[in-house]
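Let me begin by presenting the structure, written as structure tokens, before commenting on it.
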Amino acid sequence: MIQTILDALSYGGLYGLAALGIGLVFGVMRLVNFAHGELIAIGAYLLIVTIDLGLPISIGIAVTGTAILALLMEFSVFKRLRLAEPSVLLIASFGVSVFLQRLYEVIFGALPLSGQIAPWMTGVIEFGDTTITRGSVVTIGLALVLLGGMWFFIEKTTLGLQIRAASSDFHTARLLGVRSNRVIGAAFVFSGVLAAAVAFVLVTQRGSVDPLFGVNITILALVGTVIGGLGSLQGAALGGFAVGTTISLLNSFLGNYRIYTYTWLFILVIIVLLVRPGGLISNKAVKERV
Amino acid sequence: MSLLNVKGLQAGYGKVHVLFDGNINVESGELVGIVGPNGAGKSTFLGAIAGAVKASHGTIEFEGESIRSKNPEDIVRLGLALVPEGRAIFTDLTVNENLRLGLTGRREKSGAQKAIEEVIDLFPVLTTHRNYQAGLLSGGQQQQLAIARALVSEPKLLMLDEPSLGLSPTVIQDVFGVLSRIQEKGTAIIVVEQRAHLVMSIAARTLVIREGQVRATLSREDTQDEAKLAAAYFGTGEDLE
Amino acid sequence: MSNDLLPSSQLPGVTRFQWQQLLGPIFVVVIVAYAASSVSASFAFLTEGTLALLVMVLALQVLIGNSGVLSFGQAAFAMVGGFASGLLTVPVRIKENVLDELWEPLKMVNMGIYPSLVIAVAIGAFLAFITGLFLMRLSGLAAGIATFALLMVADNVLFNWRLIGPGPQVMPQVPKFDFIDESIAIAVLTMFVVYLIGISRRGRLLRATREDALAARALGASIWRLRVLFFTVSGGIAALSGAMYAHHAGAVSARDFYLGFTFTTLAMLVIGGASSVWGAVVGTILVTAIGQVLLVFEGGVTLGSIEFTLPNGVRGLVIAAALVVILIWRPRGVTGGKEFRLPFLSRT
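Protein chains in written order, with the numbering used here: chain A, 4 to 293; chain B, 351 to 591; chain C, 499 to 846.
In structure tokens, the structure reads:
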């Protein structure tokens, strides 16, 4: 029972991190970045390829590499589409996503690449009669630290304040002197860092990475972002958390019927978009920039 | 050299032109009004000067430097701040956070806190609400916050778009009283208004914009001359120069 | 707005019926299809599959090109069409052996390819109508995400529910078309329908509403009705495409119409130009041709004394890159969003 709850919390934390990464970029430029999954995938690839250098160095490389790729996306593609409508951005990010998937296939091959990243995470901890997995505890800890760090950055720093302002009204933020490219670049960098954290947890659990590694979690995190409220950062993180815990609990309790979890989740997405376009958690509406 | 000099400005949205011939000259410390009917191009005029609306023709010089192709975030750093129509404060953020955002456009980076304190002295009502969420303020308080936020960047020229919009007469008096005090401190001001009397009572000169063009310049004395006012405003008879 | 997928300036171009606009693309499709299929049996097979894709791209075009509403979800209707037409034509004996969990009446029914195509289109259009009633209240970003959610729901249901299909397996032994002419004829028919509904009064009205937000708001509910209509037509044509695919491949599964299919057909439309039938045709042919050339290189090509071999994955890479490049530099697609025009007949 305790393990079930811990699993739910760790899934929630993981999906919360992924959803926050998507929500950050959405906030400042109204881009739903399908290619967030490929940021997670490159993080996992970098971890597996460089793990022989030792875990700290490997993590450093993965975080840096993922952040750089996020910035590269912004500079090479999205920066050139500043005036485009959100739906055009959506197609472009779909294109970037497929482009990177195929690029990984060309570089690393279509087959999964295996590696042990942090074997100590797979063990269990015993408390008298109950045992819990180390992985879930570490994931929860990591999620708490990162969400706390992001909260501090967003709420307490000047750049964080500028990101919040740009997320709610980009136009006015610029009139006050907020540098649009700097804020958008920062959002991409932080979404990259969050993607690397998600990659670390996922690749430790699965022990391998393939070109489509990040697709599933991105699609589900997207659900969380919509349910939580596009454009609201707390909403995104909470929405992701809700989706993660729900999936985990359904997996534990529903047995065979869990195969239809996606159906209910995505019907919920459509209902939210129709009835409460601002999300269930946030009270803001999805405003499209003019 | 004038503080701001705009000649033959054309601007609009996409293919729709709104402003055809925008001209204005503002000296340091001067308060200039702009009036005109709804849809005449007043907001577009201010937006184009601030860099928020793309100008297709004409010149904009601020302290002798051309700023027509500059971004809004760079223009505010030169000392030209715009308080947009509808106030556009960040309702989710606190009053204090709104003011801190105003610091972004400051030229000097030192003395930031002092700048906020100096500005907030002008707006006693804000001092007691500094940690309130800005969306909870009344309309008049929000308007004062928007002005205060722009002042924090220490502009040489402050532009306001319809500051009286949606406010009650007493609150309007407060807001316009503040404008006079700002001007006394040496800041030049451009105020766009639909209510001509309001702005003409404090402005040395008032320009009339109609159908995207600056059609006339009125002095403070013209406030009494209803006929001249109506002629300038609605375009009956000859254009006045 | 410089980056406009669905430009306004093109609008007046396709308001009046012009034979060249309709017959030009049809002529090109017929010529290319016959020429390609005469090369070899494998080219004929490829051509047949490409014609099914062309019909799907036309399904996207009739919706996106006219209403401006982006949909990632039309593949859901292709999935339904493929399943429907497959189930109705697979021999009863096969269904009893392979699809043993299938609903009894579905097991027993059997008919020819053409009646099954009609029923598939009807089912696709009906489901599109029902879902469109809700989805077409949305536009822009929200529509993009909601239609994506629709695809996810369709995939999840059809991938798992063995009562109405093969579930995660492949439905085998779907009867194939006998001749390439059949697919060509269906594609030509679809082009007729898509072109004619595009220049119809309703099509022009719908395109006009995209341009003028104020007029759009004034028309209000009737825009929603028009969008539902075009979503329904698009769903029917998408189902036709799925059915064509099933009778082309001789087998069908849910994952044939998932993200890869969605991406390929959307890329074809955007690369060709979303606002015209001609754009759909050019995009489909162009993307297929690029893919084929690269496929040859992936197999290894000797030029002089040097042997080139491109690694697997390069095809998808190039097409995805082309999509992004087009969006940035030529958002109206390679045709510029124009309908087909003979050079010597051109009038401006």
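The C-beta atom is built at its ideal place from N, Cα and C for all residues, glycine as well.
No experiment lies behind these values; they were computed from the predicted model shown.
Cβ neighbours of residue i in the same chain (closer than 7 Å, five flanking residues each side left out)
i: Arg545 of chain B; result: Ser514
i: Arg845 of chain C; result: Confidence in Arg845 of chain C is poor, its pLDDT being 44 and thus under 50, which makes the residue's placement too unreliable to answer from.
i: Ser569 of chain B; result: Arg555
i: Gly455 of chain B; result: Val426, Arg427, Ala431 and Ser503
i: Val80 of chain A; result: Ala95 and Val99
i: Gly831 of chain C; result: Val768, Ile769, Gly770, Gly771, Ala772, Gly777, Gly781 and Ile824
i: Ala582 of chain B; result: Val558, Arg565, Ala566, Leu568 and Leu590
For residue i, the residue or residues it bridges with in DSSP
i: Ile135 of chain A; result: A:Ile128
i: Thr800 of chain C; result: C:Glu805
i: Leu568 of chain B; result: B:Thr556
i: Asp598 of chain C; result: Partner(s): none; Asp598 of chain C has no beta bridge.
i: Met509 of chain B; result: B:Leu432 and B:Ile540
i: Glu415 of chain B; result: B:Phe412
i: Gly372 of chain B; result: B:Leu359
i: Ser518 of chain B; result: Answer by DSSP bridge pairing: none, since Ser518 of chain B is not bridged.
i: Val212 of chain A; result: A:Leu116
i: Ala405 of chain B; result: B:Ala361
i: Gln563 of chain B; result: B:Asp371 and B:Arg560
Beta-carbon neighbours of residue i, restricted to chain A and to distances below 8 Å
i: Pro829 of chain C; result: Ala87 and Val91
i: Ala644 of chain C; result: Val272, Ile273, Leu276 and Leu277
i: Arg635 of chain C; result: Leu277
Opening and closing residue of the alpha helix (DSSP H) in which residue i lies
i: Arg499 of chain B; result: Gly489 to Val502
i: Gln667 of chain C; result: No alpha helix (DSSP H) holds Gln667 of chain C; DSSP gives it neither H nor E.
i: Phe191 of chain A; result: Ser183 to Arg209
i: Val80 of chain A; result: From DSSP, Val80 of chain A is part of no alpha helix (DSSP H); its letter is neither H nor E.
i: Asp653 of chain C; result: Gly638 to Asn658
i: Ser13 of chain A; result: Ile5 to Met32
i: Pro614 of chain B; result: Since the first residue of chain B shown is 351 and the last is 591, residue 614 of chain B is not available in this structure.
i: Asn254 of chain A; result: Leu236 to Phe256
i: Ala168 of chain A; result: Thr161 to Ser171
i: Met577 of chain C; result: Gln572 to Thr587
i: Ser773 of chain C; result: No alpha helix (DSSP H) contains Ser773 of chain C, which DSSP labels as neither H nor E.
i: Gly98 of chain A; result: Pro89 to Phe111
i: Ala820 of chain C; result: Val812 to Trp827
Cross-chain neighbours of residue i in chain D, by beta carbon under 7 Å
i: Thr266 of chain A; result: Note that chain D does not occur in the displayed structure, where the protein chains are A, B and C.
8 Å Cβ cut-off: residues of chain B touching residue i
i: Thr160 of chain A; result: Ordered by position in chain B, no residue passes the 8 Å Cβ test against Thr160 of chain A, which lies about 11 Å from the chain.
Chain C residues whose Cβ lies nearer than 7 Å to that of residue i
i: Gly234 of chain A; result: Ordered by position in chain C, no residue passes the 7 Å Cβ test against Gly234 of chain A, which lies about 11 Å from the chain.
Span of the beta strand (DSSP E) around residue i
i: Phe806 of chain C; result: Ile804 to Phe806
i: Asp679 of chain C; result: Per DSSP, Asp679 of chain C belongs to no beta strand (DSSP E); it is in the alpha helix (DSSP H), Ile678 to Ile697.
i: Val599 of chain B; result: Nothing can be reported for residue 599 of chain B, as the shown portion of chain B is limited to 351 through 591.
Chain-order list of residues whose beta-carbon lies under 6 Å from that of residue i (same chain, five-residue window excluded)
i: Ala202 of chain A; result: Ile43, Gly46 and Ala47
i: Leu597 of chain C; result: Pro664
i: Ala460 of chain C; result: A query on residue 460 of chain C cannot be resolved here, the shown segment of chain C reaching from 499 to 846 and no further.
i: Leu27 of chain A; result: Ala190, Phe193 and Ser194
Listed by chain order, chain A residues near residue i by CB distance under 7 Å
i: Ala847 of chain C; result: No information on residue 847 of chain C is available, as it lies outside the stretch 499 to 846 that chain C covers here.
i: Ala872 of chain C; result: In this structure chain C extends from 499 to 846, so residue 872 of chain C is not present and cannot be described.
i: Leu486 of chain B; result: By Cβ distance, chain A contributes nothing, its closest Cβ being about 14 Å from Leu486 of chain B, past 7 Å.
i: Gly452 of chain B; result: Leu179
i: Asp442 of chain B; result: Ser171
Neighbouring residues, chain A, relative to residue i (Cβ below 9 Å)
i: Phe761 of chain C; result: Phe97, Gly98, Ser100 and Val101
i: Gly811 of chain C; result: Gln104, Arg105, Leu106, Tyr107, Glu108, Val109, Ile110, Gly112, Ala113 and Pro214
Neighbouring residues, chain C, relative to residue i (Cβ below 8 Å)
i: Tyr263 of chain A; result: Asn654, Val655 and Asn658
i: Arg83 of chain A; result: Ile826
i: Arg33 of chain A; result: Leu639
Residue i beta carbon near the ligand FAD (any heavy atom closer than 7 Å)
i: Lys459 of chain B; result: Of ligands this structure carries none, so the ligand FAD is not represented either.
Beta-carbon contacts of residue i that lie in its chain and below 8 Å, excluding the five residues immediately before and after
i: Asn375 of chain B; result: Ser352, Leu354, Asn355 and Val356
Proximal residues of chain C, C-beta to C-beta of residue i below 9 Å
i: Val80 of chain A; result: Val822, Leu825 and Ile826
Residues that residue i contacts on chain B, provided the C-beta gap is smaller than 7 Å
i: Thr175 of chain A; result: Pro434 and Ala438
How about the segment 200 to 219 of chain A and the segment 25 to 36 of chain A: do they share at least three Cβ pairs that are nearer than 8 Å?
no
Touching or not, the segment 745 to 752 of chain C and the segment 793 to 809 of chain C, by the rule of three or more beta carbon pairs under 8 Å?
no
Segment contact, 8 Å Cβ cut-off, at least three pairs: the segment 140 to 159 of chain A with the segment 12 to 27 of chain A:
yes
Would you call the segment 681 to 700 of chain C in contact with the segment 520 to 527 of chain C, where contact means no fewer than 3 C-beta pairs closer than 8 Å?
yes
Within 8 Å, do at least three Cβ pairs link the segment 482 to 493 of chain B to the segment 452 to 469 of chain B?
no
Mind the definition here: the segment 134 to 144 of chain A touches the segment 405 to 413 of chain B only if three or more C-beta pairs lie below 8 Å; say whether that holds.
no
Between the segment 384 to 391 of chain B and the segment 535 to 552 of chain B, do three or more beta carbon pairs fall short of 8 Å?
yes
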